[in-house]
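Asks: Residue 18 is where the sequence shown starts when you use this note's numbering, and the numbers rise one by one after that.
Structure provided below as structure tokens; questions to follow.
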Amino acid sequence: MPSELSCSGKKRERLSIPKSAVIRGCGAYYPERVLSNADLEHMVDTSDEWITTRTGIKERRIAAPDEASSDLAMKAAQKAIDMAGWEIDDIDTIIVGTVTPDYMFPSCACTLQGKLGAKNAVAFDISAACSGFIYGLSLSRALLVSGQARRILLVGVETLSRIVDYSERSTCVLFGDGAGAVVLEGSPEPDVGVKSVAIGSDGVHGELLYMPAGGSRNPATHDTVEKKLHSMKMNGNEVFKIAVRGMEAISRKAIDAAACTIDDIDLFIPHQANFRMIDATAKRLGIPEEKVVVTVDRFGNTSASSIPIALDEAVRDGRIKEGDMLGMVAFGAGLTWGASVVRWEGPAR
Ligand code: UT7
């Protein structure tokens with residue numbers, strides 16, 4: 018191994034800088050309680066038929082009253098760490114994508130770090146809503162190939178049930194709670210693992226999907242609570258149109274950047290917001306339905322956790338094998354979007 022001089026002039030081993038970032042393990046956790054379309058029929062003026070035909074969702078999971086995002090995240094994270102065969106102390110960076118942290122501050126990543134006892138890690142959140150996992154993948158790759166991090170835990174987690182207004186039928190039927198995690202490390206091989214990531218955002222359209230109160234614009238008052246401003250508001254039609262176009266464009270960009278074609282993608286893992294959005298995006302890209310992972314029917318839209326939950330399911334049921342090329346794409350509040358092409362490596366041999 019080559020050596021270098023430290024600041025004090027002493028000779029020390031130089032750590033080689035990796036050429037790529039690979040995913041070594043994944044994990045998912047979703048709460049036990051199921052909220053079905055039939056349950057929602059008793060809560061708002063809706064029907065199983067409307068929800069199924071407009072969204073493809075049949076049920077979603079809801080966190081228990083004593084479960085916060087870091088609790089869900091911890092269970093998914095532990096599974097990813099176990100799959101990789103790592104120790105908690107191996108992790109030097111924890112990144113969490115979420116818009117529903119346990120508290121406004123500290124970050125959900127720091128709360129998770131404390132629970133895991135990951136004393137060697139630096140921990141921070143990314144706020145990119147449904148694109149949080151892809152943003153996290155982009156940052157993880159940059160940290161690993163620059164040598165700033167060696168082993169990263171990346172989590173997407175949401176307890177959206179805490180910010181959903183269950184008297185508002187246009188949103189309450191859509192969202193659910195869950196967590197998904199991956200662990201990544203650098204590799205000396207140049208052409209493996211995360212082959213490309215492309216991300217984008219457009220703050221002009223921020224109010225198409227947002228939570229008006231609780232921040233510095235509208236701090237909590239009796240009035241904000243009475244007006245239900247601490248729950249999410251969405252212009253679903255507009256988001257739908259922009260999202261489908263945006264997910265197609267960013268997917269093409271990521272596939273180009275990975276120097277591959279649509280046909281090279283073995284499995285497509287889109288953000289799970291609405292089956293019609295998934296279907297329309299896949300059709301625009303010319304990806305056949307048998308290559309598309311769908312979990313939205315069972316979990317609804319779980320925002321930042323939807324891609325890693327779907328990834329974990331496909332890895333554990335054998336649909337994803339070592340060397341498979343995966344296409345992932347997300348779109349969410351911000352507005353934010355992102356796509357990635359990943360060669361699945363799995364645990365180191
Ligand atoms: O993660 C990224 C962020 N979010 C999204 O990606 C969501 C994107 N948008 C969507 O998925 C869809 O736009 C929705 C599922 C939210 C709505 O579907 P849509 O086909 O765009 O319906 P719409 O909003 O145009 O509403 C059609 C009708 C309306 O009634 P009128 O005005 O035609 O009489 C709504 O009031 O459906 C009504 N409606 C409902 N009816 C029964 C809205 N929600 C419901 C409901 N049950 N839950």
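The beta-carbon is built from N, C-alpha and C at its ideal position, and this holds for glycine as well.
Quantities reported herein were computed from a predicted structural model and do not represent experimental measurements.
Would you report the Cα separation of E185 and L57, rounded to the nearest angstrom?
Replies: The straight-line gap from Cα to Cα measures roughly 11 angstroms.
Asks: Since H222 and L352 should fall inside the 8 angstroms C-beta cutoff, what is the C-beta to C-beta distance between them, to a whole number of angstroms?
Replies: The pair is a contact, with the Cβ atoms about 5 angstroms apart (cut-off 8 angstroms).
Asks: Would the C-beta of R77 count as close to ligand 1, meaning under 8 angstroms from any of its heavy atoms?
Replies: Not so, every heavy atom of ligand 1 lies at least 8 angstroms from the Cβ.
Asks: Would you kindly work out how many angstroms separate the C-alpha atoms of V256 and L225, rounded to a whole number?
Replies: The straight-line gap from Cα to Cα measures roughly 7 angstroms.
Asks: Using C-beta distances below 8 angstroms, list every residue in its chain close to V162, excluding the 5 sequence neighbours before and after it, in chain order.
Replies: The answer, listed in chain order, is I34, P35, K36, S37, A38, G203.
Asks: Between the region 185–196 and the region 81–99, do at least 3 Cβ pairs fall closer than 8 angstroms?
Replies: Contact holds: three or more Cβ-Cβ distances are below 8 angstroms.
Asks: From A347 to T115, what distance separates their C-alpha atoms?
Replies: Distance between the alpha carbons of A347 and T115 is about 14 angstroms.
Asks: Given that a residue counts as buried once 16 or more other Cβ atoms are within 10 Å of its Cβ, and exposed if not, what is K27?
Replies: Exposed: under 16 other Cβ atoms inside 10 Å.
Asks: At which residue ranges does the region 119–166 contain complete alpha helix (DSSP H) runs of 4 or more residues, listed in the order of the chain?
Replies: Segments of the alpha helix (DSSP H) lying fully in the region 119–166: 125–133, 149–162.
Asks: With distances taken Cα to Cα, identify the nearest neighbour of F285 among P305, I279, V309.
Replies: Checking every option, the nearest Cα to that of F285 belongs to V309.
Asks: How long is the line joining the alpha carbons of V214 and L343, rounded to whole angstroms?
Replies: Rounded to whole angstroms, V214 to L343 spans 12 angstroms at the Cα level.
Asks: Using a threshold of 9 angstroms, state whether the C-beta atoms of A290 and L191 are closer than that.
Replies: Yes, Cβ-Cβ distance for A290 and L191 is below 9 angstroms.
Asks: Which class does N318 belong to by DSSP, given the choice of helix, strand or coil?
Replies: It is a strand residue.
Asks: Determine, using beta carbons only, whether A146 and A274 come nearer to each other than 9 angstroms.
Replies: Not closer than 9 angstroms, so no.
Asks: For Q130, count the other beta carbons within 10 Å of its own beta carbon; 16 or more makes it buried, fewer makes it exposed. Which is it?
Replies: With 16 or more other Cβ atoms within 10 Å, it is buried.
Asks: Closest by CA to F122, which one among D109, Y46, Y47, G232?
Replies: Closest by alpha carbon: G232.
Asks: Identify whether K212 lies in helix, strand or coil by the three-state DSSP scheme.
Replies: In the structure shown, K212 sits in a strand (DSSP, three-state: E or B).
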